[in-house]
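For the sequence shown, my numbering assigns the number 676 to the initial residue and increments by one for each residue that follows.
Beta carbons: idealized from backbone N, C-alpha and C, even for Gly.
Remember, predicted model here, so these are calculated numbers, not experimental data.
So the structure is just underneath, and the comments pick up after that.
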Amino acid sequence: MRPPPDSSILDFTLAQICKLHRARAHTLLEELGLYHGQPPMLFALWEQEGQTHGELAARLHIAPATATKMIQRMEKAGFVERRPDAEDQRVSRVFVTEAGRAIHARVEQVWQRIDGETFAGFSTEERQMLQGFFLRIRENLVRVTGGSPNF
């Protein structure tokens, strides 16, 4: 019988880091009424409003059904609204509401805080090296899974 996984094994350490990072983000974003996956969509909309569900899904590398669910939750919370396309009423476009614009700076502060807490004590050079390692890991996994990350 094999012993249980040791936290010194890189895979398990990486999984622990991801879990802790997600939990910290959840705690801070919950105070704003957001779920962990919603800020990337808000950033995409703050950069370019009026995107369709499909455009947002493609941009964020998520399934269209996932994008729709996120939009519905954010719409219910009052952060975004859907409007019919001016030329094709079958298509809806997503826009940020006043409430969504009002939390922009606070969401950025949350991400800066998480970044600062996560990488406290790392030099600029260490952060650059770590970024390079993360990119290589992602490339390795994209190669063996046959596509871009879909989360």
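Spatial neighbours of residue i in its chain, beta-carbon cut-off 7 Å, leaving aside the 5 residues before and after
i: residue 712; result: 745
i: residue 724; result: 770 and 771
Reduced DSSP secondary structure (H/G/I, E/B, other) of residue i
i: residue 771; result: strand
i: residue 797; result: coil
i: residue 822; result: coil
i: residue 684; result: coil
Alpha-carbon spacing of residue i relative to residue j, whole angstroms
i: residue 787; j: residue 806; result: 16 Å
i: residue 727; j: residue 793; result: 33 Å
i: residue 751; j: residue 702; result: 20 Å
i: residue 747; j: residue 772; result: 13 Å
i: residue 826; j: residue 734; result: Unreliable positioning characterises residue 826 in this predicted model, as indicated by a pLDDT of 49, which lies under 50. The coordinate reading is nonetheless provided below. Going by the C-alpha atoms only, they are around 12 Å apart.
i: residue 814; j: residue 821; result: 10 Å
i: residue 804; j: residue 714; result: 26 Å
i: residue 811; j: residue 762; result: 43 Å
i: residue 722; j: residue 737; result: 18 Å
i: residue 718; j: residue 764; result: 26 Å
Test: residue i CB closer than 8 Å to a CB of chain B
i: residue 735; result: Going by chain labels, chain B is absent from the structure shown, which holds only one protein chain.
Proximal residues to residue i (C-beta, below 6 Å), its chain only, five neighbours per side dropped
i: residue 774; result: 753 and 754
i: residue 666; result: Beyond the ends of the chain as shown, which are 676 and 826, falls residue 666; an answer cannot be given.
Contact set for residue i: own chain, Cβ-Cβ below 8 Å, skip 5 residues either direction
i: residue 767; result: 727, 728, 757, 758, 759 and 760
i: residue 739; result: 728, 729 and 732
i: residue 707; result: 778, 781, 782 and 785
i: residue 720; result: 726, 731, 755, 769, 770, 771 and 775
i: residue 789; result: 696, 699, 700 and 703
If we require 4 or more residues per run, which alpha helix (DSSP H) segments fall completely within the segment 693-779? At a cut-off of 4 residues, the continuous stretches assigned as alpha helix (DSSP H) that sit fully inside the segment 693-779 are 713-722, 728-735, 739-752 and 773-777.
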